[in-house]
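Colleague: So the protein lines, in turn, are chains A, B and C.
Under our numbering, the first residue of the first sequence carries the number 16, and numbering increases by one thereafter.
Under our numbering, the first residue of the second sequence carries the number 9, and numbering increases by one thereafter.
Under our numbering, the first residue of the third sequence carries the number 9, and numbering increases by one thereafter.
A virtual CB, placed ideally from N, CA and C, is assigned to each residue, including glycine.
Below you'll find the structure I mean.
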Amino acid sequence: MVAAACAAIAIAIGIVISYLIHWFPVQASTQAKNTDRLYHVLVIASIPIFVLVVSVILYSVWQFRMRPGEELKDGPPIHGNTRLEVFWTAIPTVLLLGLVGYSFVVLKENEQGRPAKEVQIQATGEQFAWSYTYPPSVTGGAPLKSDQLYVPLDQSVYFNIRAKDVIHAFWIPAFRLQEDAVPGITTHWRVTPTRLGTYPVVCNLLCGLGHSLMRSKVHVVTQQQFHSWVAGQMSASAGGAASSTGSSG
Amino acid sequence: MEAASIAHAGGHAHDEHHGPPEAHRSSRVEPQLLGMLLFIISEIMVFGGFFTAYFFIRVAQGDPWPAPGTNLPVEVAGMNTAILVSSSFTIHWAEQCIKKNNRFGFKAGMLLTFLLGCSFLFIQINEYANIGFAPQDGAQQTVFFSLTGLHGAHVFIGLLLLLFVTIRAFRGHYSPEEHRGVEVPGIYWHFVDVMWLVVYFTVYIL
Amino acid sequence: MRHRDEDSGVQTLMAARLKQPGFLRGGLGILIGIAFSALLTWVVRSSTGHSTFHHYLSSEAILTVSLIAAPLAFLVGLGGFDYWFYWAAGKKTRPEDHSSHGAYTWKDYFRINTDHKVIGIQYTVNSFFFLLVGGLIAMLMRAQLAQPGSHFVDANTFNGLFSVHASLLIFLFIIPVFAGLGNFVIPLMIGAPDMAFPRLNALSFWLLPIAGLMMLGSFFAPGGAFADGWTAYAPLSDTAPVGQTFFSMAVQFAGASSIMTALNFLVTIITMRAPGMSFFRMPLLVWANFATSLLVVIATPFIAASQFFILLDRGLHFNFFNAAKGGDVLMYQHVFWFYSHPAVYIMMLPGFGIISEVIAVKARKPIFGYRMMAFSLLAIVGLGFTVWAHHMFTSGMAAWIRIPMAITTAIIAVPTGIKIFSWLATLWRGVLHLDTPMLFALGFLTTFTLGGISGVMLAMIPFDIHVSATYFIVAHIHYVLFGGSLMTIFAGVYYWFPKMTGRMFDERLGKWHFWTTFVFFNLTFAPMHILGLEGMPRRVSTYASQFAGLNLFISLASFGLGISTLVFLYNMVTSWRGGPKSVSNPWRALTLEWQVSSPPPVFNFDRLPTVVGGPYEYGVPGAVHGIFAPTPAAAGSGVLREPSR
Ligand code: HEA
Ligand code: HEA
Ligand code: CUA
Ligand SMILES: [Cu+2]
Numbered sequence: 016m017v018a019a020a021c022a023a024i025a026i027a028i029g030i031v032i033s034y035l036i037h038w039f040p041v042q043a044s045t046q047a048k049n050t051d052r053l054y055h056v057l058v059i060a061s062i063p064i065f066v067l068v069v070s071v072i073l074y075s076v077w078q079f080r081m082r083p084g085e086e087l088k089d090g091p092p093i094h095g096n097t098r099l100e101v102f103w104t105a106i107p108t109v110l111l112l113g114l115v116g117y118s119f120v121v122l123k124e125n126e127q128g129r130p131a132k133e134v135q136i137q138a139t140g141e142q143f144a145w146s147y148t149y150p151p152s153v154t155g156g157a158p159l160k161s162d163q164l165y166v167p168l169d170q171s172v173y174f175n176i177r178a179k180d181v182i183h184a185f186w187i188p189a190f191r192l193q194e195d196a197v198p199g200i201t202t203h204w205r206v207t208p209t210r211l212g213t214y215p216v217v218c219n220l221l222c223g224l225g226h227s228l229m230r231s232k233v234h235v236v237t238q239q240q241f242h243s244w245v246a247g248q249m250s251a252s253a254g255g256a257a258s259s260t261g262s263s264g
Numbered sequence: 009m010e011a012a013s014i015a016h017a018g019g020h021a022h023d024e025h026h027g028p029p030e031a032h033r034s035s036r037v038e039p040q041l042l043g044m045l046l047f048i049i050s051e052i053m054v055f056g057g058f059f060t061a062y063f064f065i066r067v068a069q070g071d072p073w074p075a076p077g078t079n080l081p082v083e084v085a086g087m088n089t090a091i092l093v094s095s096s097f098t099i100h101w102a103e104q105c106i107k108k109n110n111r112f113g114f115k116a117g118m119l120l121t122f123l124l125g126c127s128f129l130f131i132q133i134n135e136y137a138n139i140g141f142a143p144q145d146g147a148q149q150t151v152f153f154s155l156t157g158l159h160g161a162h163v164f165i166g167l168l169l170l171l172f173v174t175i176r177a178f179r180g181h182y183s184p185e186e187h188r189g190v191e192v193p194g195i196y197w198h199f200v201d202v203m204w205l206v207v208y209f210t211v212y213i214l
Numbered sequence: 009m010r011h012r013d014e015d016s017g018v019q020t021l022m023a024a025r026l027k028q029p030g031f032l033r034g035g036l037g038i039l040i041g042i043a044f045s046a047l048l049t050w051v052v053r054s055s056t057g058h059s060t061f062h063h064y065l066s067s068e069a070i071l072t073v074s075l076i077a078a079p080l081a082f083l084v085g086l087g088g089f090d091y092w093f094y095w096a097a098g099k100k101t102r103p104e105d106h107s108s109h110g111a112y113t114w115k116d117y118f119r120i121n122t123d124h125k126v127i128g129i130q131y132t133v134n135s136f137f138f139l140l141v142g143g144l145i146a147m148l149m150r151a152q153l154a155q156p157g158s159h160f161v162d163a164n165t166f167n168g169l170f171s172v173h174a175s176l177l178i179f180l181f182i183i184p185v186f187a188g189l190g191n192f193v194i195p196l197m198i199g200a201p202d203m204a205f206p207r208l209n210a211l212s213f214w215l216l217p218i219a220g221l222m223m224l225g226s227f228f229a230p231g232g233a234f235a236d237g238w239t240a241y242a243p244l245s246d247t248a249p250v251g252q253t254f255f256s257m258a259v260q261f262a263g264a265s266s267i268m269t270a271l272n273f274l275v276t277i278i279t280m281r282a283p284g285m286s287f288f289r290m291p292l293l294v295w296a297n298f299a300t301s302l303l304v305v306i307a308t309p310f311i312a313a314s315q316f317f318i319l320l321d322r323g324l325h326f327n328f329f330n331a332a333k334g335g336d337v338l339m340y341q342h343v344f345w346f347y348s349h350p351a352v353y354i355m356m357l358p359g360f361g362i363i364s365e366v367i368a369v370k371a372r373k374p375i376f377g378y379r380m381m382a383f384s385l386l387a388i389v390g391l392g393f394t395v396w397a398h399h400m401f402t403s404g405m406a407a408w409i410r411i412p413m414a415i416t417t418a419i420i421a422v423p424t425g426i427k428i429f430s431w432l433a434t435l436w437r438g439v440l441h442l443d444t445p446m447l448f449a450l451g452f453l454t455t456f457t458l459g460g461i462s463g464v465m466l467a468m469i470p471f472d473i474h475v476s477a478t479y480f481i482v483a484h485i486h487y488v489l490f491g492g493s494l495m496t497i498f499a500g501v502y503y504w505f506p507k508m509t510g511r512m513f514d515e516r517l518g519k520w521h522f523w524t525t526f527v528f529f530n531l532t533f534a535p536m537h538i539l540g541l542e543g544m545p546r547r548v549s550t551y552a553s554q555f556a557g558l559n560l561f562i563s564l565a566s567f568g569l570g571i572s573t574l575v576f577l578y579n580m581v582t583s584w585r586g587g588p589k590s591v592s593n594p595w596r597a598l599t600l601e602w603q604v605s606s607p608p609p610v611f612n613f614d615r616l617p618t619v620v621g622g623p624y625e626y627g628v629p630g631a632v633h634g635i636f637a638p639t640p641a642a643a644g645s646g647v648l649r650e651p652s653r
């Protein structure tokens, strides 16, 4: 009884601690919010299991350890208990199916279909830098190629991710989203940024010597600022390097 | 009971040596046979890996096969198939012969099988030389050469085994009672044969 | 054949030794192998004249071919194939005189030896050598990661370090050390005099040092060691410097060794069990190795295939992974993980077996739910083949594949949970002997549960999308591989140390080893979860300054972990050389390996045992597992015959 109470207290403490620990980078998208919620559910489901296992071990060590004089003693020959075995097969099955089902719900939320208004951006990885292409639907003219990533606040952004040489991975921790950039195919993810600011873009797949330094930044700006930034870039490139955008095709 | 109490039988102290007790046989399957069957499972999985490549490059990508401008010599390979299949029958015949103590038939069967296998390999090498494309040309060509080449490598290994058996056959080994050394390589040869049918069907015909 | 008598100059002695199987002839083999490779590449290149190969002689091509030819020729020289050559040529094969059984001096461990007990020790010692090397490499990595910036090694060296670290620890430590313990213990446990194919067994051992030295040798290759991680994703590995070839080739040798051992285990377990040893009377360690061997036989060919692809792409410019010519980059990952996920269970199931032995004996109770323990192993084998794409949730593969794979990945925790709960129930109301093997078993239960739970979290796709390829994964890896596999290995080595060496280890040092390992292990790897969640990628030689504090902490703790391993090393070496002699059955265990002397006689059993009951009948009054049949003369007098099955 005492042991059970101790275990319950340990579970409670564990859950409280799990809330106090600063787990994640800032939360800067709706997807990040969903994912963090999923994580907390997972932690809350896991703590009791772990505490249960550890409690049984500690309790056994405390209660059933060999005492002096018991060197030749054996335990009772218990070979099994069908009801118990069914119980600890069924309960985890239900729990796991529940968790994985919930994760599909979150996945669906995060990847839900295309909204009416969406900004498309192509991110291209090559050893060892990211570059971004803003298509005509965004620029209203020729496609714009840039090594800077600007995205508008509170608007759905759809990334087409490509690679020129080897595999890279396009990861923005603040958005909790990543996908590999694979030579030969185009991959995607969709995000709705919810917080103004500048966050790291990380190449998260070993791509050679410069992998550790293949970093970039994403600037989340208001929709107005976004459009004026795009317009500014367009006139800058029209002034000089128009040919370079043309060649990116 | 002590390890050191058993004299280290250096060279020929045969009468002194105390061998292991005969192991208990807990299954009716012969160990050698079982080993070969398990090995064949592994071999099938090697082919499985190569067929995965085939699947991704031919099926999943959906490009026409064979690649435009290339031609697979279906008839020559078909003839080759016939050769390999018939070698399965000849080795079976050889096995039957040794079981009936027909030494001539056994030797002739082994030799015939070996020669049929050699001609298969020879024709295939010839096919490679005249096929008109190379694995360096593209992924589909790569898949063609690696699947048929992997199989060719197995034919080569199988031929080595057959060669050993043939040599031993001519040296007077094996008897109606003791012919496991023919049977086990024989199984491998049948496997090589069946695998070719799969490769031929998927690569040339489909 | 002819024998020259009194002409005993140094030369003839040399010549005689070159004809004898051994290291000298092996060395000669290496030279011949290299010469052969040079000749072969020259002939092939000059005869094809294909436009892809401009030079008739290329050091890289010769190196590549040598990596196959030289080791094989070395093995021929060492005598690994002698018997088969005689057989193949139809000559009279040497009658088995058992001269290659048993080890009488340390030198006997350095030749082809067909005794499963000698091979088991060869395997185990060889594997621990590579643990120390791999661990030392980890120390270098942690030295580099103690601070951000490139202060200790450059990026290329660092990539080489973690690649070799992981490859050595996986292919040369965890997988073979389990095969080694199994080699020593399984024939004894099932009452067999040896393995089914002793010569094959010897050969599979000798492939391992070759693979290991090849991986280490890559550090001396032009361009540095292979540096694409132990996963060696294409197309990066297609274009990497020649060190990558060392990886692909070494994996072939290690893989061949695994497959051969697995065949041997399966055939031994199926055909050589003692009378009365039905499948459901086998100790769970035997079950675990049975299940593992099934995984090896079915899965390992896939990594062989994946590395053949890489070798063909690299050496002959094939186009498996050349997207520009229609190659499929993701195919590599499917083929690789179809092996490498089952491989993580290859690295865990034998450990489950060890824990079952240790816990039953040390808790003095029968294993709780023996049959479910056996079935859950088989369930893991089956499910293990259906989850590989959980390593590819962010790879860009077709999105729908994620859904079934996530479900199977979550469900695989159920059979694993059955095992954990059954061990806990075995502890319950037992009489726990808390000595070193047991401490490691209990430590394993704790740390592996944590690692398993983080694995289940990774099955949840949106969460995995965030943490994939971060330090959260590194934490998971080490909680399951160190906190799981390595803990069980320590438990097993302590548990069978008296049987293998005939001596007892120092219990006090063993306890020190456990506690320092347990504490420093958690201090090293637990903070990595947080690093990963906060956004620190894996496989980087430098990182953002916000991660500096935790990384320094981890590095310091990891040095403590390194030192704790030295305690183990010291204990093992000194106890083996001068520990007190062990009795044959110091743990009062029932399984058969404890019923013979320590170390066991050369042929294991002078008389074959007959099995009359389950392996874990602790607490059942008067229960025995096996009895030794009386000498043949007295046979039939009151001895149980083999039960008909
Ligand atoms: C010994 C090795 C080992 C073992 C046993 C496992 C076991 C598991 N692993 Fe792990 N894994 C690795 C070694 C291992 N793994 C390695 C090396 C990698 C990285 C490879 C690389 O990229 O380099 C990896 C990566 C990895 C990934 C990919 C992450 C990524 O790259 O994005 C995933 C994703 O699903 C995963 C999941 C799991 C799961 C679900 C289990 C399950 O089998 C765990 C089951 C066990 C338990 C759950 C604990 C006990 C159970 C209970 C107490 C019952 C109740 C529990 C619950 C209800 C939760 N692993
Ligand atoms: C069984 C497998 C195993 C084991 C035992 C270990 C053990 C250790 N590992 Fe390893 N590790 C892997 C398997 C393993 N690892 C794998 C599969 C990867 C993924 C690689 C990849 O990305 O491809 C990895 C990656 C990996 C990384 C991430 C690299 C990266 O992504 O950039 C790190 C970083 O800290 C690390 C650290 C350690 C440490 C500190 C230990 C310690 O436990 C080591 C303890 C030390 C010893 C056992 C050596 C004994 C000591 C000496 C001989 C002398 C030391 C002396 C002094 C300190 C004085 N490992
Ligand atoms: Cu690009 Cu890592
Ligand atoms: Cu996995």
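I think residue 115 (chain A) touches residue 457 (chain C), with their Cβ atoms under 8 Å apart; what is that distance to the nearest whole Å?
Modeller: Taking the first sequence and counting its residues from 1, the one referred to as residue 115 (chain A) is at position 100. Taking the third sequence and counting its residues from 1, the one referred to as residue 457 (chain C) is at position 449. At roughly 19 Å, the Cβ-Cβ gap does not stay under 8 Å, so residue 115 (chain A) and residue 457 (chain C) are not in contact.
Colleague: Out of B:111, B:61, B:37, state which residue places its alpha-carbon closest to the alpha-carbon of residue 342 (chain C).
Modeller: By one-based count along the third sequence, residue 342 (chain C) stands at place 334. Residue 342 (chain C) has its Cα closest to that of B:61, out of B:111, B:61, B:37.
Colleague: From residue 346 (chain C) to residue 181 (chain B), what distance separates their C-alpha atoms?
Modeller: Taking the first residue of the third sequence as position 1, residue 346 (chain C) is located at position 338. Taking the first residue of the second sequence as position 1, residue 181 (chain B) is located at position 173. One C-alpha to the other measures close to 43 Å.
Colleague: Can you check whether the C-beta of residue 106 (chain B) is within less than 8 Å of a C-beta belonging to chain C?
Modeller: Within the second sequence, numbered from 1, the residue matching residue 106 (chain B) stands at position 98. It does not; no Cβ of chain C falls within 8 Å.
Colleague: Please decide whether residue 181 (chain B) counts as near chain C, where near means a Cβ-Cβ distance under 8 Å.
Modeller: If you number the second sequence from 1, residue 181 (chain B) lands on position 173. Yes, contact with chain C.
Colleague: Looking at the unbroken beta strand (DSSP E) that takes in residue 222 (chain A), where does it start and where does it end?
Modeller: Walking along the first sequence from the start, residue 222 (chain A) turns up at place 207. No beta strand (DSSP E) contains residue 222 (chain A), which DSSP labels as neither H nor E.
Colleague: List the endpoints of the continuous beta strand (DSSP E) containing residue 195 (chain A).
Modeller: In the first sequence, counting from the first residue as 1, residue 195 (chain A) sits at position 180. Looking at the DSSP string, the run of the beta strand (DSSP E) that includes residue 195 (chain A) is 192-196.
Colleague: Could you check if residue 50 (chain B) is buried or exposed, using at least 16 other CB atoms within 10 Å of its CB as the buried criterion?
Modeller: The residue you call residue 50 (chain B) lines up with position 42 of the second sequence. Residue 50 (chain B) is buried by the Cβ-count criterion.
Colleague: Between residue 704 (chain C) and residue 500 (chain C), what straight-line distance do the alpha-carbon atoms span, to the nearest angstrom?
Modeller: The structure shown does not extend to residue 704 (chain C), since chain C is modelled only from 9 through 653, so no value can be given for it.
Colleague: Report yes or no: is there a C-beta of chain C within less than 8 Å of the C-beta of residue 200 (chain B)?
Modeller: Locating residue 200 (chain B) in the second sequence gives position 192, where the first residue counts as 1. Not an interface residue.
Colleague: Could you tell me which whole beta strand (DSSP E) segments of length 3 or greater appear in the region 153-182 of chain A?
Modeller: 159-161, 164-167, 172-178
Colleague: Give the residues of chain C in contact with residue 42 (chain B), contact being defined as C-beta atoms less than 7 Å apart.
Modeller: In the second sequence, residue 42 (chain B) corresponds to position 34, counting from 1. Those within 7 Å of residue 42 (chain B) in chain C are 275, 278, 279.
Colleague: Measure how close the beta-carbons of residue 603 (chain C) and residue 593 (chain C) come, nearest whole angstrom, since I'm counting them as under 8 Å.
Modeller: Locating residue 603 (chain C) in the third sequence gives position 595, where the first residue counts as 1. Locating residue 593 (chain C) in the third sequence gives position 585, where the first residue counts as 1. With a Cβ gap of about 7 Å, residue 603 (chain C) and residue 593 (chain C) count as contacting.
Colleague: Taking the alpha-carbon of residue 73 (chain C) as reference, which of C:463, C:54, C:95, C:49 has the nearest alpha-carbon?
Modeller: On the third sequence, residue 73 (chain C) is found 65 positions in, with the first residue counted as 1. Selected option, being the one with the closest Cα: C:49.
Colleague: Report, in whole angstroms, the separation of the C-beta atoms of residue 521 (chain C) and residue 576 (chain C), which I expect to be a contact under 8 Å.
Modeller: Reading the third sequence from its first residue, position 513 is the one you call residue 521 (chain C). Reading the third sequence from its first residue, position 568 is the one you call residue 576 (chain C). The pair is a contact, with the Cβ atoms about 5 Å apart (cut-off 8 Å).
Colleague: Mind checking which residues open and close the alpha helix (DSSP H) that includes residue 213 (chain A)?
Modeller: Along the first sequence, read from residue 1 onward, the residue named residue 213 (chain A) stands at position 198. Where residue 213 (chain A) is concerned, there is no enclosing alpha helix (DSSP H), although the beta strand (DSSP E) it sits in stretches over 212-218.
Colleague: So what's residue 38 (chain B) in DSSP terms, helix, strand or just coil?
Modeller: Position 30 of the second sequence, counted from the start, is the residue given in the question as residue 38 (chain B). Here residue 38 (chain B) sits in coil by DSSP.
Colleague: Leaving out five residues before and five after residue 69 (chain B) in sequence, what residues of the same chain have Cβ atoms less than 7 Å from its Cβ?
Modeller: In the second sequence, the residue the question calls residue 69 (chain B) occupies position 61. Take residue 69 (chain B), set aside five residues on each side of it, and no residue of its chain has a beta-carbon closer than 7 Å to its own.
Colleague: Along the chain, where does the beta strand (DSSP E) containing residue 139 (chain A) start, and where does it finish?
Modeller: Residue numbering aside, residue 139 (chain A) sits at position 124 when the first sequence is read from its first letter. Segment 134-141, the beta strand (DSSP E) holding residue 139 (chain A).
Colleague: To test your reading of the DSSP string, which unbroken alpha helix (DSSP H) runs of 4 or more residues are found completely within the region 88-156 of chain B?
Modeller: 111-138
Colleague: Output, in chain order, the set of chain C residues within a Cβ distance shorter than 7 Å of residue 150 (chain B).
Modeller: Walking along the second sequence from the start, residue 150 (chain B) turns up at place 142. Residues of chain C passing the Cβ test: 326, 327, 328.
Colleague: Taking the alpha-carbon positions, what's the residue 214 (chain B) to residue 92 (chain C) distance?
Modeller: Position 206 of the second sequence holds residue 214 (chain B). Position 84 of the third sequence holds residue 92 (chain C). Each residue's alpha carbon lies about 41 Å from the other.
Colleague: Go ahead and pull the three-state DSSP assignment for residue 231 (chain A).
Modeller: Here residue 231 (chain A) refers to the residue found at position 216 when the first sequence is read from its first residue. Judged by DSSP in its simplified three-state form, residue 231 (chain A) adopts strand.
Colleague: Per DSSP, what are the beta-bridge partners of residue 205 (chain A) in this structure?
Modeller: Residue mapping note: residue 205 (chain A) aligns to position 190 of the first sequence, counting from 1. Its beta-bridge partners are A:173.
Colleague: Cβ-heavy atom distance between residue 206 (chain A) and ligand 4 below 7 Å?
Modeller: In the first sequence, counting from the first residue as 1, residue 206 (chain A) sits at position 191. No, since every heavy atom of ligand 4 falls outside the 7 Å radius drawn around the Cβ of residue 206 (chain A).
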